[in-house]
Every structure is written in C-alpha cells, then in structure tokens.
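Visitor: Sharing a structure, written as structure tokens. Questions coming.
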Amino acid sequence: MQIHSWGRYPTADAALHSPRSPSALRRLLLDAQPNDSGATTAFDGIARGLGRSYGDSALASTIVQTRELDHLLAFDADTGLLTCAAGVSLDTILHCFTPRGWFLPVVPGTRFVSVGGAIASDVHGKNHHLDGTFGQHVHSLRLLQPDGAVLNCSGTENSALFHATCGGMGLTGIIVDATINLRRIPGSAINQRTLRTQHLQEVMERFEASAATTYSVAWLDCLASGAALGRSLLFLGEHATDGHFRAPQRGKLGVPFNSPAFLLNRYSMGLFNALYYNRPVNSETEQRIEAGQYFFPLDSIAHWNRLYGRKGFLQYQFVVPDAAALAAISLVLQRSSAAGKGSFLSVLKKFGPGNDNILSFPVQGYTLAMDFKFENNLLPLLDELDSIVLDHGGRLYLAKDARMSEATFKRSYPRWEELAQLRAISGADRMFNSLQSRRLGL
Amino acid sequence: MKNILVIGANSAIARAVSRLYAEEHCRLFLLSRDAEQLALQKQDLQIRGATEVDCSVFDANNFSVHEAVIDQVLDRFGSIDLAFICHGSLSNQAQCEENFDSALQEFNTNALSVISLLTCLARHMSTQRSGCIAVITSVAGDRGRQSNYVYGSAKAMVSTYLQGLRGRLFESQVDVIDIRPGFVDTPMTHAIKKGGPLWSSPEKVAHCIVEGIRKRKHTIYAPGYWRLIMLVVCSIPEFLFKRLKL
Numbered sequence: 001m002q003i004h005s006w007g008r009y010p011t012a013d014a015a016l017h018s019p020r021s022p023s024a025l026r027r028l029l030l031d032a033q034p035n036d037s038g039a040t041t042a043f044d045g046i047a048r049g050l051g052r053s054y055g056d057s058a059l060a061s062t063i064v065q066t067r068e069l070d071h072l073l074a075f076d077a078d079t080g081l082l083t084c085a086a087g088v089s090l091d092t093i094l095h096c097f098t099p100r101g102w103f104l105p106v107v108p109g110t111r112f113v114s115v116g117g118a119i120a121s122d123v124h125g126k127n128h129h130l131d132g133t134f135g136q137h138v139h140s141l142r143l144l145q146p147d148g149a150v151l152n153c154s155g156t157e158n159s160a161l162f163h164a165t166c167g168g169m170g171l172t173g174i175i176v177d178a179t180i181n182l183r184r185i186p187g188s189a190i191n192q193r194t195l196r197t198q199h200l201q202e203v204m205e206r207f208e209a210s211a212a213t214t215y216s217v218a219w220l221d222c223l224a225s226g227a228a229l230g231r232s233l234l235f236l237g238e239h240a241t242d243g244h245f246r247a248p249q250r251g252k253l254g255v256p257f258n259s260p261a262f263l264l265n266r267y268s269m270g271l272f273n274a275l276y277y278n279r280p281v282n283s284e285t286e287q288r289i290e291a292g293q294y295f296f297p298l299d300s301i302a303h304w305n306r307l308y309g310r311k312g313f314l315q316y317q318f319v320v321p322d323a324a325a326l327a328a329i330s331l332v333l334q335r336s337s338a339a340g341k342g343s344f345l346s347v348l349k350k351f352g353p354g355n356d357n358i359l360s361f362p363v364q365g366y367t368l369a370m371d372f373k374f375e376n377n378l379l380p381l382l383d384e385l386d387s388i389v390l391d392h393g394g395r396l397y398l399a400k401d402a403r404m405s406e407a408t409f410k411r412s413y414p415r416w417e418e419l420a421q422l423r424a425i426s427g428a429d430r431m432f433n434s435l436q437s438r439r440l441g442l
Numbered sequence: 443m444k445n446i447l448v449i450g451a452n453s454a455i456a457r458a459v460s461r462l463y464a465e466e467h468c469r470l471f472l473l474s475r476d477a478e479q480l481a482l483q484k485q486d487l488q489i490r491g492a493t494e495v496d497c498s499v500f501d502a503n504n505f506s507v508h509e510a511v512i513d514q515v516l517d518r519f520g521s522i523d524l525a526f527i528c529h530g531s532l533s534n535q536a537q538c539e540e541n542f543d544s545a546l547q548e549f550n551t552n553a554l555s556v557i558s559l560l561t562c563l564a565r566h567m568s569t570q571r572s573g574c575i576a577v578i579t580s581v582a583g584d585r586g587r588q589s590n591y592v593y594g595s596a597k598a599m600v601s602t603y604l605q606g607l608r609g610r611l612f613e614s615q616v617d618v619i620d621i622r623p624g625f626v627d628t629p630m631t632h633a634i635k636k637g638g639p640l641w642s643s644p645e646k647v648a649h650c651i652v653e654g655i656r657k658r659k660h661t662i663y664a665p666g667y668w669r670l671i672m673l674v675v676c677s678i679p680e681f682l683f684k685r686l687k688l
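If you read the sequences in order, they're chains A and B.
Going left to right, the first sequence walks through residues 1 to 442 as my numbering numbers them.
Going left to right, the second sequence walks through residues 443 to 688 as my numbering numbers them.
Written out as structure tokens, the structure is:
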C-alpha cells in the first residue's frame, strides 16, 4: 500500500508487516518472503515505529511496523529503570509514569514517537544543552541481528553496535526492546518564562545567558528581515516543584482532511508570524502551564501535517557550530525569505556537546528547524541552503531529511564509513535499508 | 477493585480494554490461545497498575473445557464482576459460501463458543446476583450484507441471544451488554485496506467500551456514531438494499 511519513513527502509503495511478538518478528526476518514472481527472497526492508520521522527514513518496499510490540516489560520503582518493547510510545510512558512522579529524561517535540524510533533517530529535546540526546539515557537495548540473534547492547557491552544503533536510523538491525532511565521530577507542570527578543543575535545571547535553565527553545519569525532578522520568542522552562503530577492530555482538535495548500502562502504566514511574535508577553513573570502544552504544543492538533495539503511538506533542520551560527542562520533566513518561502513554525534551539553515537545529529551549536510546503521550486532552494550549512561546518537531521544528496551527507557526517563497515560485517547492509539509506549511499 | 475476566485477551480491542482496567487497579484473568502473548500482557498490565494478573491458555473452540475454565477463574477470584468476551475471527465470506465446513467453523468461533461460555457465566452470575457480562459482537450483525453475511449472521445470533439473556438476568441484577464496534484497525482486519474517517483505533474503541460498561448501557456502538450509520443502513428498503453491492 501507499505509505508516507509525517511530512507526507515522499510516498512509497510498501508491504507492511506488524509482528505481534519478538518471535514473530524474528520469523519475519529469517523466513524467506515470496515475491511477485513466486520466487522467494531474503528480507530487505526497514523498521518503522509511529511514522513520525518526516521524510523517507522509515520508508522501504518492505516495512516492519513495531506498533504491536508495545508491552511494558519491567519497571524498577526505586531506580526508575524501565524496560519496554520498541513499539511503546513516549505517550504511553508519560501516561503511565508521570502520575507516579517520573518523567522521560528527553522528549522530542511530539510524544507520539516510539521508543525504537526515538533511539534510532537519537532524538533531542529542549534540554539538550544539559542532558544530551535520548540515546544517552538508554541503559541498554536488545537488537535483532540479520542472522536472527538478539544481542544485548549498551555502553559497555557490544558498545560499537550500541553507538551505531543509537542514531543509526534502523540500519543496524531491529530494536526489540530497550531499558531507559526515567527521571524523578518535583512536579509535572512547567513554570515558563517567555522572553521577546528583537533579532537573532539577541536571542542567541539570551540562550547563552540561560544555559543553566533546564528547558529552552525559541520560536523564530522566519519572515522578519533587516534589523529584525531572527526576532524570536524564547521559552524557558523548569519543572514546577508543587508535587502535582498529571500526564499530558489528549487534545480535542484535529485536522480531518488535507487543507488546500494555497491557504499557506507568504502573506498568510507573514501575518501569522507577525501576530505570534507580537502577542502580549510579560517577560518578568512566570507562567505555570501543563507539561503537554510546553513540550508538545502541536500534539493537541491531531494530523496537523494535513495543513500543508496533499503534496505535503519538508522540514528542514540543520545544526551549525557555535562560532558560525550567527552568520549561517542569518544567511539561511535571508535566502529562504528572499525566495518567498516561509514557515509557520521555525524553531531555534541551542545544543550542548555532541555524543559518541556514529550518526547522531546534534553538535555543540545552534539548530534551526523550518517547515516548507512542498512546491516544485523548493528542492533547488534547499540545495542552496545545504551549501550554506555545509560551508559553515553544519549538517542536516536525518530524521527530517527527505532529499539531501549523498555527497552532502558524506561530507557532513564524516563517520558514515564506520557505520557502513559495521553493516557490511553483520550483513545488515543486505537486510536493513530504507529509501533514505539507499539515497545516501549507506 | 474489580475482578475482570477477559476471554480472547489477545485481540487488539481486549488488549486496549485490559490496559484501561489495569490503570484502575483491577484484578484481571486473561484467557487466550497464545501463551507468549499472555506472558507479555501479564507483565505489561502489572506494570500499568493491575492489582493482580492471572492467565491461562484457552481455545474457545474447545467447548468441553468451558465449564472447567470458568471454575478455574472462580477458584482464583471468588467472584467475577465483569466477564468480557472478545474472541472472534473475521470470516472469509467467499470461502464460506463455497464450503459449509468453513462456515460452520466461523459459526463455532463467532457464535456457538460464545453461547457456550455465556451459558456457564449466566449460571454463575445469576447465583452471584451481581456482575456484568459484556460481549463484542459487530455492526455487521445489524443487517445481512452480501459481502459479509456469514460473519454478520453469527454476530446477529449472539446479539439476539444477549437480548434474551439480558431479560432473564435482569431479576438477578446482572447486566448484559452488547458491544458493536464498527471498523477497527486491528490485526483481524489486516487484509482490508484502511484509512478514511470510519476507521478507529483499538484504543479509541476501548475507551467507548469502558465508558459504556461504566454507564451499564445495553448496546454500545463503538464509536457511538455507528448507531446512526446502522440506523440508515437498516432503513434502506430491501428491494433497494438487495441491489446494493454492500
């Protein structure tokens, strides 16, 4: 059937499998599959969690969905160590454990991702500058190998495979289950401060000044220009200490069908951005908001990706090192707004140091994410932005990518050969491939 | 804290419903054919908050063990507050039309095994003089359609049986609930093309079910808008309906 990920671009024709147990998963891998001509072929495909990567990293002609592998397997209420199957969603974890005073150490911008997907993309959150990525809080994981063996991997056991798998985009095997460290919190609500900044340099200075704040993220007006280029609202957050615990609630809103894409144009987006930036903000006072509202504002609108219409959209997220960040981000903003391309949500975040995971995205510096409606003239613009990013020593986030070239990838992820070697040795290169991995020459 | 028996515990809807009851700290007894799944579910439900989870491997089509398995549950729990029957299979209509053995198999799984279990449960609950029996049937039982009437008529048999049983057990203060889900995205419907507004997730359906059971409704359409859809489907005159490729 036709399947796409969150950006709805591209689509692929795929055979979907949803094994209901680890043993069914293993059989799926080892038993030869009949193909169209009646002959049998070995498994060649990719694992997929909740389909919240944006591009083609969870697309292939054969897809193994982990949605039925969604059991909690063990929980130690003293240490907060949780073992769960790869298909368990972060939403489930927060739903079960927030009321008991535990929280995930790292959450991305949506809680509707699977644990397996969060590890494979080595996702980051609003506390990256202090706490690193999701993978850095994985105690251990069990990986189904091409030969059917299930290997225990952690920072000390099979550590090369562990660091290849965290951030490895599912290319080393299929994560069966994982043990992660939950974190005690003093309260689930967030005390938020909102700072309005006049331009890019100011927001970056504010990020630096609030490096000790646990959570920080900025929404940036990508259509502002001149002296106001990069003007932003910076949201700083700390957990409340009131001892109240409430899991993020499901929103009531949804987008029932694809909206006509022409509704999103430079004028509507310019208006939205200007209104959003100019909304009343009292930067002196703290505001107490629910965790869901701080961490996952978009989760309250189901299927918001449909707003971008039938053709979908691309999210362009890059990171550039600190020293080059101001120049690089300014150039990207100038170039994209000169091309008339805007984004409702542009998100700026300061990253802390990178980690040992081979294809992990974050490096010390700044990351900017922008959503662009898919249009025919978008791809050449993104190629231009690529060269700005790479010239400044940056790179793109694989979980968002749907179109970067092999050369761009190999230049910006210099450790790619380590992953390729590991894959060749284990035979993963013959069994685990996505449209993305083929495009990137992995 | 309630004692809940789940028959066909490995079905996607049963799994989602069990999880909601686990959060309410209920005691659960799970019956399913699949031992591996039962072990996984037991752990999962305990972590989610269930006070106690027991399970037993059980094949609903083996009618001779029905009595014994209900006794086993009673030995363990003492009483059953909710018996939730959700096993079933989606029939291959074309095969059933050609081959009566296939149709009989479907009637056994979807209707007669349920009625056998209901017989045991009704006997026990009428002496207990409390409790609730909830059974998953289907909107397919509301009207016979050419594409799916073997499955539909098996479910209709159960629905009609439940109507009668509801009256019989009314005096004993036992509630009998008929749950009719619409299209649910589960492994049972794996072969059908999904998508569109009429498809629901098992989690959504589970919420409707738990809410309906809490309110002691007689018939739960899950989600509720299926009541309206089936009203329309059932009001189409037969001379027209027989011409529709439904």
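Each residue gets a CB set at the ideal place from its N, CA and C atoms; glycine is no exception.
(1) Run through the DSSP bridge pairs and tell me what H239 (chain A) is partnered with.
(2) Output needed in chain order: residues of the region 598 to 613 of chain B with a Cβ under 9 Å from some Cβ in chain A.
(3) Any beta carbon from chain B within less than 8 Å of H71 (chain A)'s own beta carbon?
(4) Should L482 (chain B) be flagged as near chain A, meaning a C-beta pair shorter than 8 Å?
(5) Output yes or no for whether 8 Å exceeds the beta carbon distance between L390 (chain A) and R403 (chain A).
(6) Which two residues bound the contiguous beta strand (DSSP E) that contains W219 (chain A)?
(7) Tell me which residue opens and which closes the beta strand (DSSP E) that Q2 (chain A) is part of.
(8) Which partner residues of E494 (chain B) appear in the DSSP bridge assignment?
(9) Pair every Cβ in the region 369 to 379 of chain A with every Cβ in the region 277 to 296 of chain A, then say whether three or more of these pairs are closer than 8 Å.
(10) Taking buried to mean at least 16 other C-beta atoms within 10 Å of its own C-beta, is P414 (chain A) buried or exposed?
(11) Since D44 (chain A) sits in a beta bridge, which residues does DSSP pair it with?
(12) Assuming the contact rule is C-beta atoms closer than 8 Å, I621 (chain B) and V577 (chain B) should be a hit. Round their C-beta distance to whole Å, please.
(13) The alpha helix (DSSP H) with I63 (chain A) in it runs from where to where?
(14) Examine the Cβ distances between the region 164 to 172 of chain A and the region 202 to 212 of chain A and report whether three or more of them are shorter than 8 Å.
(15) Starting from the Cα of I190 (chain A), find the closest Cα among A:I175, A:R183, A:G354 and A:T214 and give me that residue.
(16) Is N445 (chain B) buried or exposed, if buried means 16 or more other CB atoms sit within 10 Å of its CB?
(17) Measure the CB-CB distance between F526 (chain B) and A456 (chain B) and report whether it falls below 8 Å.
(18) Closer than 8 Å, Cβ to Cβ, to anything on chain B: give me those residues from the region 245 to 275 of chain A, in chain order.
(19) For a contact defined as C-beta to C-beta under 8 Å, what are the partners of C166 (chain A) on chain B?
(20) Starting from C444 (chain A), follow the beta strand (DSSP E) in both directions and report where the run begins and ends.
(21) Please determine, among B:I678, B:F625 and B:H632, the residue with the shortest C-alpha to C-alpha distance to A664 (chain B).
(22) Under the DSSP definition of a beta bridge, which residues are partnered with K373 (chain A)?
(23) For R20 (chain A), decide whether its Cβ has a neighbour in chain B, counting only Cβ atoms nearer than 8 Å.
(24) Taking a contact to mean a Cβ-Cβ separation below 8 Å, would you say H566 (chain B) touches I449 (chain B) in this structure?
(25) Around the C-beta of V511 (chain B), are 16 or more other C-beta atoms found within 10 angstroms, so that it is buried, or is it exposed?
(26) Return no unless some Cβ of chain B is closer than 8 Å to the Cβ of S23 (chain A).
(27) Give a yes or no on whether 8 Å exceeds the smallest Cβ distance from M169 (chain A) to chain B.
(28) Give a yes or no on whether 8 Å exceeds the smallest Cβ distance from E478 (chain B) to chain A.
(29) Is the CB-CB distance between T631 (chain B) and P644 (chain B) below 8 Å?
(30) What is the rounded straight-line gap between the Cα of S336 (chain A) and the Cα of C96 (chain A)?
(31) Just curious, the beta strand (DSSP E) that P623 (chain B) is in, first and last residue?
(32) Taking the alpha carbon of S426 (chain A) as the point to measure from, which residue in A:D31, A:P10, A:A164 and A:T156 has its own alpha carbon closest?
(33) Please name the residue, chosen from A:T172, A:M1 and A:W6, that lies closest to L314 (chain A) on a Cα-to-Cα basis.
(34) What's the gap between the Cα of L382 (chain A) and the Cα of R656 (chain B)?
(35) Grouping DSSP H, G and I as helix and E and B as strand, with all else coil, what is H303 (chain A)?
(36) If the cut-off is 7 Å on Cβ atoms, which residues from the region 101 to 122 of chain A count as contacting chain B, listed in chain order?
Guide: The structure says:
(1) Beta bridge pairing from DSSP links H239 (chain A) with A:I190.
(2) Legend: CB atoms of the region 598 to 613 of chain B lying less than 9 Å from CB atoms of chain A are not found in any residue.
(3) Interface residue, yes.
(4) Output row for L482 (chain B): interface = yes.
(5) By the CB criterion at 8 Å, L390 (chain A) and R403 (chain A) fall outside the cutoff.
(6) Y215 to L220 is the span of the beta strand (DSSP E), which, as asked, contains W219 (chain A).
(7) Unbroken beta strand (DSSP E) run through Q2 (chain A): Q2 to H4.
(8) According to DSSP, which records beta bridges pairwise, E494 (chain B) is partnered with B:R469.
(9) No: the two stretches stay apart, fewer than three of their Cβ pairs being nearer than 8 Å.
(10) That one is exposed.
(11) Per DSSP, D44 (chain A) has no beta-bridge partner at all.
(12) In this structure, I621 (chain B) and V577 (chain B) form a Cβ contact; the two beta carbons are roughly 7 Å apart against a cut-off of 8 Å.
(13) In the DSSP annotation of this structure, I63 (chain A) is not part of any alpha helix (DSSP H); the continuous beta strand (DSSP E) holding it starts and ends at T62 to Q65.
(14) By the criterion of at least three beta-carbon pairs nearer than 8 Å, the region 164 to 172 of chain A is not in contact with the region 202 to 212 of chain A.
(15) If we check each option's Cα against that of I190 (chain A), A:T214 comes out closest.
(16) Taking every protein chain shown into account, the CB of N445 (chain B) has 16 or more other CB atoms within 10 angstroms, so this residue is buried.
(17) Taking 8 Å as the Cβ cut-off, F526 (chain B) and A456 (chain B) qualify as a contacting pair.
(18) Those would be P256, in chain order.
(19) Per Cβ cutoff of 8 Å: no residues; C166 (chain A) is ~24 Å from chain B at best.
(20) Within the shown structure, residues of chain A are numbered from 1 to 442, placing residue 444 (chain A) beyond reach of any answer.
(21) Cα-wise, what sits closest to A664 (chain B) is B:F625.
(22) Checking the DSSP bridge columns, you'll see K373 (chain A) partnered with A:F313.
(23) Yes - at least one Cβ of chain B is within 8 Å of the one on R20 (chain A).
(24) Cβ atoms of H566 (chain B) and I449 (chain B): not closer than 8 Å.
(25) Classified as buried, V511 (chain B) has 16 or more neighbouring CB atoms from the shown chains inside 10 Å of its CB.
(26) It does: the Cβ of S23 (chain A) has a partner Cβ on chain B nearer than 8 Å.
(27) It does not; no Cβ of chain B falls within 8 Å.
(28) For E478 (chain B), the answer is yes, since a Cβ of chain A falls inside 8 Å of its Cβ.
(29) Cβ distance not < 8 Å, so T631 (chain B) and P644 (chain B) don't count as in contact.
(30) Separation of S336 (chain A) and C96 (chain A) (C-alpha to C-alpha, rounded to the nearest whole angstrom) is 42 Å.
(31) Unbroken beta strand (DSSP E) run through P623 (chain B): D617 to P623.
(32) S426 (chain A) has its Cα closest to that of A:A164, out of A:D31, A:P10, A:A164 and A:T156.
(33) Across the set A:T172, A:M1 and A:W6, the C-alpha of A:W6 shows the shortest separation from the C-alpha of L314 (chain A).
(34) C-alpha of L382 (chain A) to C-alpha of R656 (chain B): approximately 54 Å in a straight line.
(35) In the structure shown, H303 (chain A) sits in coil (DSSP, three-state: anything other than H, G, I, E or B).
(36) Within the region 101 to 122 of chain A, no residue places its CB atom closer than 7 Å to a CB of chain B.
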